[in-house]
Amino acid sequence: MNGLYTSINKSMRNIVISTGAGISAESGVPTFRDADGLWTKYDPMVVSHIDGWNASPSKVIEFKNELRRQFAALDPQPNAAHLALTRLQNEWTDGTVSIITQNIDGLHAKAGSVALEIHGTAIKKFCMKCNDITGYDADIDVNDPCVCGEVSSIRPLTVMFGEMPHHLDKVEALLNDCHIFVAIGTSLNVRPASMFASIALSRGADTWLINKDVPQITFEYNHTIYGNASVEVPRWVDMMLAS
Ligand code: NAD
Numbered sequence: 025m026n027g028l029y030t031s032i033n034k035s036m037r038n039i040v041i042s043t044g045a046g047i048s049a050e051s052g053v054p055t056f057r058d059a060d061g062l063w064t065k066y067d068p069m070v071v072s073h074i075d076g077w078n079a080s081p082s083k084v085i086e087f088k089n090e091l092r093r094q095f096a097a098l099d100p101q102p103n104a105a106h107l108a109l110t111r112l113q114n115e116w117t118d119g120t121v122s123i124i125t126q127n128i129d130g131l132h133a134k135a136g137s138v139a140l141e142i143h144g145t146a147i148k149k150f151c152m153k154c155n156d157i158t159g160y161d162a163d164i165d166v167n168d169p170c171v172c173g174e175v176s177s178i179r180p181l182t183v184m185f186g187e188m189p190h191h192l193d194k195v196e197a198l199l200n201d202c203h204i205f206v207a208i209g210t211s212l213n214v215r216p217a218s219m220f221a222s223i224a225l226s227r228g229a230d231t232w233l234i235n236k237d238v239p240q241i242t243f244e245y246n247h248t249i250y251g252n253a254s255v256e257v258p259r260w261v262d263m264m265l266a267s
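Quick note: to get my numbering, add 24 to the position in the sequence shown (first position is 1).
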């Protein structure tokens with residue numbers, strides 16, 4: 025925290041918020057790249073890459089089922105950071121407030137926000153053959169046929185590495201018309217989300233980063249705030265609403 029909070033230009037209007045796993049860490053959802061994150065235990069190229077799926081759907085489904093069970097047992101709830109962003113969406117009157125999330129945990133919606141889930145959602149599954157979408161509230165058996173008759177085609181509605189994220193046309197439009205951009209709780213390792221700040225900056229936006237740790241590259245951010253999202257995001261929202 026520092027004097028940066030005094031530097032807001034009141035002519036700015038549309039806010040674009042990009043969130044990553046760090047915003048949900050204090051809700052108990054593990055991140056992937058922190059010291060105790062999931063990628064220290066699993067190889068993402070096997071369990072979360074489209075090539076891994078094509079080579080062995082059962083390994084992917086085994087991992088996803090385990091995640092689903094952990095998630096169901098955890099029953100995570102939105103924390104103060106998610107709730108603050110909902111407040112910003114409800115109370116900001118100077119333009120739009122759009123949330124783009126890499127997260128698949130549904131916590132923005134649970135907090136009452138509207139968010140574009142560019143990596144999909146872990147609470148639904150779909151058939152890769154017919155695109156039938158249903159709730160993902162019990163383990164998938166890789167041998168279960170879909171209603172369309174296809175076998176080994178049902179998987180969670182989450183985007184794997186090597187696949188195109190969702191809603192990119194909407195994201196591009198939002199970034200093109202963005203005056204204030206903030207990235208929250210992301211290691212900035214995963215594209216395309218890692219590129220959003222530089223696009224927003226090139227369109228003249230004021231760019232902010234709120235994260236626990238210092239990422240390797242931060243030059244596209246005009247302002248950086250390092251700390252826990254549950255503390256720093258409500259503070260940042262208060263500052264925005266007061267500006
Ligand atoms: P990441 O795991 O690569 O990085 C997490 C970042 O969050 C780190 O930089 C860390 O410093 C920061 N962080 C940790 N705790 C924090 C806190 N309390 N407050 C603020 N920041 C904190 O996450 P990523 O960049 O979002 O990329 C991970 C990918 O994995 C995404 O594509 C996402 O889809 C997926 N993922 C999603 C979830 C989820 O839905 N909650 C969880 C893990 C991974």
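Idealized CB from N, CA, C, for every residue including glycine.
Should proline 169 be labelled buried (16 or more other beta-carbon atoms within 10 Å of its own) or exposed? As a first step, residue 169 is located in the sequence shown; it is residue number 145 there, counting from the start. Answer is exposed; the Cβ neighbour count stays below 16.
Among the candidates Val175, Tyr160, Asn246, Ile85, whose CA atom is the shortest distance from the CA of lysine 153? Position 129 of the sequence shown, counted from the first residue, corresponds to residue 153. That would be Val175, whose Cα lies nearest to the Cα of lysine 153.
| task | Would you mind reading off the limits of the beta strand (DSSP E) that contains tryptophan 232? | result | Reading the sequence shown from its first residue, position 208 is the one you call residue 232. That run of the beta strand (DSSP E) goes 230-235.
Give me the Cα-Cα distance between glutamate 141 and tryptophan 77, rounded to the nearest whole angstrom. Reading the sequence shown from its first residue, position 117 is the one you call residue 141. Reading the sequence shown from its first residue, position 53 is the one you call residue 77. Rounded to the nearest angstrom, the two C-alpha atoms are 21 Å apart.
| What are the boundary residues of the alpha helix (DSSP H) that valine 257 is part of? | Translated into the one-based positions of the sequence shown, residue 257 becomes position 233. Here the alpha helix (DSSP H) through valine 257 covers 253-266.
Check your understanding: Closer than 7 Å: is that where the CB of alanine 108 sits relative to any heavy atom of the ligand NAD?
Key -> Position 84 of the sequence shown, counted from the first residue, corresponds to residue 108. No - the ligand NAD has no heavy atom lying nearer than 7 Å to the Cβ of alanine 108.
Whole angstroms are fine: how far does the CA of serine 177 sit from the CA of histidine 106? Taking the first residue of the sequence shown as position 1, residue 106 is located at position 82. Taking the first residue of the sequence shown as position 1, residue 177 is located at position 153. Their Cα atoms are separated by approximately 34 Å.
Quiz item: Taking the DSSP output, what are the residues bridged to threonine 182?
Solution: For this step, residue 182 is matched to residue 158 along the sequence shown. For threonine 182, which the question treats as bridged, DSSP gives the partners Gly144.
Closest by C-alpha distance to valine 183, when choosing among Asp75, Ile39, Thr64, Pro54 | Sequence index remark: in the sequence shown, residue 183 carries index 159 (1-based). Of Asp75, Ile39, Thr64, Pro54, the residue nearest in Cα terms is Asp75.
Compute the Euclidean distance between the alpha carbons of glutamate 124 and isoleucine 41, then round it to the nearest angstrom. Locating residue 124 in the sequence shown gives position 100, where the first residue counts as 1. Locating residue 41 in the sequence shown gives position 17, where the first residue counts as 1. Residue identity differs from the one stated: residue 124 is isoleucine in this sequence, not glutamate. Rounded to the nearest angstrom, the gap between the Cα atoms of isoleucine 124 and isoleucine 41 is 6 Å.
Can you name the start and end residues of the beta strand (DSSP E) that serine 122 belongs to? Locating residue 122 in the sequence shown gives position 98, counting from the first residue. Its beta strand (DSSP E) spans residues 121-125.
What are the residues that DSSP puts in a beta bridge with phenylalanine 150?
For the purposes of this step, residue 150 is identified with residue 126 of the sequence shown, where counting begins at 1. Looking at the DSSP assignment, phenylalanine 150 forms a beta bridge with Ile157, Arg179.
Could you say which of Met69, Thr110, Leu131, Gly130 lies nearest to serine 122 if we only look at CA atoms? Taking the sequence shown and counting its residues from 1, one reaches residue 122 at position 98. Nearest option by C-alpha distance: Thr110.
### Task
With DSSP as the reference, label tyrosine 29 as helix, strand or coil.
On the sequence shown, residue 29 is found 5 positions in, with the first residue counted as 1. Residue placement at tyrosine 29 is poorly supported in this model, since its pLDDT is 48, which falls under 50; the coordinates are not used for a value here.
- Span separating the alpha-carbon of cysteine 151 from that of methionine 264: Walking along the sequence shown from the start, residue 151 turns up at place 127. Walking along the sequence shown from the start, residue 264 turns up at place 240. Whole-angstrom Cα-Cα distance: 42 Å.
Margin query: So, at 7 Å on beta carbons, what are the nonlocal neighbours of valine 166 in its own chain, with the 5 sequence-adjacent residues on each side left out?
Written below: The count along the sequence shown starts at 1 and reaches residue 166 at position 142. Residues of the same chain with a CB within less than 7 Å of the CB of valine 166, apart from the 5 flanking positions on each side, are Pro81, Ser82, Ile85, Ser176 in chain order.
Report the residue from Ala133, Met188, Arg179 whose alpha carbon sits nearest the alpha carbon of histidine 143. Position 119 of the sequence shown, counted from the first residue, corresponds to residue 143. If we check each option's Cα against that of histidine 143, Met188 comes out closest.
Could you check whether the Cβ of histidine 143 sits closer than 7 Å to any heavy atom belonging to the ligand NAD? Numbered from 1 along the sequence shown, position 119 holds the residue referred to as residue 143. Yes, Cβ of histidine 143 sits closer than 7 Å to a heavy atom of the ligand NAD.
Do the CB positions of threonine 145 and glycine 159 come within less than 8 Å of each other?
Residue numbering aside, residue 145 sits at position 121 when the sequence shown is read from its first letter. Residue numbering aside, residue 159 sits at position 135 when the sequence shown is read from its first letter. With contacts defined as CB atoms closer than 8 Å, threonine 145 and glycine 159 fail to qualify as a contacting pair.
Residue environment, glycine 209, which counts as buried when at least 16 other CB atoms sit within 10 Å | As a first step, residue 209 is located in the sequence shown; it is residue number 185 there, counting from the start. Label assigned to glycine 209: buried.
Can we count valine 214 as close to the ligand ZN, meaning its CB is less than 7 Å from some heavy atom?
-> No copy of the ligand ZN occurs in the structure displayed; its ligands are the ligand NAD alone.
With a CB to CB cut of under 6 Å and the five nearest residues on each side skipped, what residues in its chain are close to glycine 136? The residue given as residue 136 occupies position 112 in the sequence shown. A distance below 6 Å between beta-carbons, with the five flanking residues on each side excluded, links glycine 136 to the following residues of its chain, in chain order: Thr110.
For cysteine 202, count neighbouring Cβ atoms within 10 angstroms of its own Cβ and tell me buried if that reaches 16, exposed if not. As a working mapping, residue 202 is identified with position 178 in the sequence shown. Classification for cysteine 202: buried.
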